[in-house]
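Student: This is the structure, below, for whatever I ask next.
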Amino acid sequence: MDLVCGIFLADGRECKMLTGIDDHSRFVVIATVLAVPSGRAVADGFVRAMRTYGVPAEVLTDNGEQFTGRFTKPRRAEVLFERVCRENGVTAKLIKPYSPTTTGKIERWHQTLRRELLDVCGPFADLPAAQAAVDAWVHTYNTDRPHRALDMATPASRFRPNPPPEPTLVTPPAAPASPEEPSHAAGPAAPVTMLIPVSAPAMEFETVAAAGGLVAVLPRVQRVRLGKEYAGRRARVWADEHTVHIDQERRVVSRRRQPARTLDARGRPGRTSTGGLRRGPAGTSGTRHGDRG
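Each residue of the sequence shown is one higher than the last, beginning at 17 in the numbering used here.
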């Protein structure tokens, strides 16, 4: 699996695409255009592919933060994609850093996609138009186009979907199930009841505020700035997909809206928060603060 850039829309925006191919048959199982390549969007795309084609034995990705939290600082963390893999018995493998040739098959497919579709048909009117064009091209690639590496057979003729195993139900506590979404992949739908909802349960941990009073909720993804006077002091963090609570002599509550943003607990210049406390850790309450996400 990988993320590829260069899907341009008529309004000037650049989208990315989550891609995945079967190693044996070169059958494309994931080709989802994403307006924002967040960890949740990547996990959503992977879940849709498993619902359609079954659960793979293993999946190989690069070391992007959407795929792994192994390299986060100050401590490693489990991102949503890794949790989906773990709960469904999928071995998540990572390529060695600076070794793009390890994913050579999907990189060559990206070149073909860009040469035959993106460079010819783009920019697209909007995201649905881009997805429709990608779906049509992928269907032709999978079913009609002979592949030299397959002795001129088509990927569809060599692809063997992995049937879902006996379901192991996983229901995170107090987490609403994500709404049903249509699959972008072609092929017969196979219900996979063991898949966890992409809405993950809350996490809670203790940490130490860094210089400037910066607390990393999800390193390089979600940060909250408390102020210089809190630097070096311990803080208790509780966070789910909607809100962040930090208990350190005073309480800070902020809604997490987008990754890679710094949230200022003092309400310094930034967009005004559109939401407040949805739910939080037992025995805590909070107020709404300016949200830069």
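Note that beta-carbon positions come from the ideal geometry of N, C-alpha and C, so glycine has one too.
Does DSSP classify isoleucine 122 as helix, strand or coil?
Tutor: As a first step, residue 122 is located in the sequence shown; it is residue number 106 there, counting from the start. If DSSP states are grouped into helix, strand and coil, isoleucine 122 belongs with the helices.
Student: Would DSSP call alanine 51 helix, strand or coil?
Tutor: The count along the sequence shown starts at 1 and reaches residue 51 at position 35. The answer is coil: DSSP assigns alanine 51 none of H, G, I, E or B.
Student: Should arginine 250 go down as buried or exposed, given a rule of 16 or more other Cβ atoms within 10 Å for buried?
Tutor: In the sequence shown, the residue the question calls residue 250 occupies position 234. The residue is exposed, with fewer than 16 neighbouring Cβ atoms inside 10 Å.
Student: May I ask you to report which of helix, strand or coil DSSP gives glutamate 182?
Tutor: Taking the sequence shown and counting its residues from 1, one reaches residue 182 at position 166. Note that glutamate 182 scores a pLDDT of 40, beneath 50, so its modelled location is shaky; the value from the coordinates is reported in the next line. In this structure, glutamate 182 counts as coil in the three-state DSSP scheme.
Student: Is it right to say glutamine 82 is buried, meaning 16 or more other beta carbons lie within 10 angstroms of its own, or is it exposed?
Tutor: If you number the sequence shown from 1, residue 82 lands on position 66. Glutamine 82 comes out buried.
Student: Could you check which residue in Leu134, Arg239, Asp142 has the C-alpha nearest to that of glycine 228?
Tutor: Indexing the sequence shown from 1 puts residue 228 at position 212. Of the listed residues, the one whose Cα sits closest to glycine 228 is Arg239.
Student: Taking all protein chains shown into account, decide if asparagine 168 is buried (16 or more other Cβ within 10 angstroms of its Cβ) or exposed.
Tutor: Numbered from its first residue, the sequence shown carries residue 168 at position 152. A quick correction: the sequence has methionine, not asparagine, at residue 168. The residue is exposed, with fewer than 16 neighbouring Cβ atoms inside 10 Å.
Student: Does DSSP put methionine 66 in a helix, in a strand, or in coil?
Tutor: Residue 66 sits at position 50 when you count from the first residue of the sequence shown. Helix.
Student: Using three-state DSSP, classify glycine 61 as helix, strand or coil.
Tutor: Along the sequence shown, read from residue 1 onward, the residue named residue 61 stands at position 45. Glycine 61: helix per DSSP, three-state reduction.
Student: Provide the residue(s) that pair with leucine 34 in DSSP beta bridges, ordered along the chain.
Tutor: Residue numbering aside, residue 34 sits at position 18 when the sequence shown is read from its first letter. Beta-bridge pairing links leucine 34 to Leu19, Thr48.
Student: Can you tell me the Cα-Cα spacing of proline 53 and lysine 32, whole angstroms?
Tutor: In the sequence shown, the residue the question calls residue 53 occupies position 37. In the sequence shown, the residue the question calls residue 32 occupies position 16. Approximately 6 angstroms between the Cα atoms of the pair.
Student: Within this structure, are the beta carbons of glutamate 74 and threonine 84 separated by less than 9 angstroms?
Tutor: Taking the first residue of the sequence shown as position 1, residue 74 is located at position 58. Taking the first residue of the sequence shown as position 1, residue 84 is located at position 68. Not a contact, by the Cβ cut-off of 9 angstroms.
Student: Specify the secondary structure class of histidine 155 as computed by DSSP and reduced to three states.
Tutor: As a working note, residue 155 is residue 139 in the sequence shown. Helix, per DSSP.
Student: Can you give the Cα-Cα distance for proline 72 and alanine 152, rounded to whole angstroms?
Tutor: Residue mapping note: residue 72 aligns to position 56 of the sequence shown, counting from 1. Residue mapping note: residue 152 aligns to position 136 of the sequence shown, counting from 1. Rounded to whole angstroms, proline 72 to alanine 152 spans 24 angstroms at the Cα level.
Student: For the candidate residues Leu133, His126, Glu123, whose alpha-carbon lies nearest to that of valine 150?
Tutor: Locating residue 150 in the sequence shown gives position 134, where the first residue counts as 1. It is Leu133.
Student: Hey, how far is the Cα of alanine 141 from the Cα of alanine 26?
Tutor: Taking the sequence shown and counting its residues from 1, one reaches residue 141 at position 125. Taking the sequence shown and counting its residues from 1, one reaches residue 26 at position 10. So the two alpha carbons sit approximately 5 angstroms from each other.
Student: Quick check: aspartate 18 and threonine 88, are their CB atoms within less than 9 angstroms of each other?
Tutor: As a working mapping, residue 18 is identified with position 2 in the sequence shown. As a working mapping, residue 88 is identified with position 72 in the sequence shown. No, they are not a contact pair.
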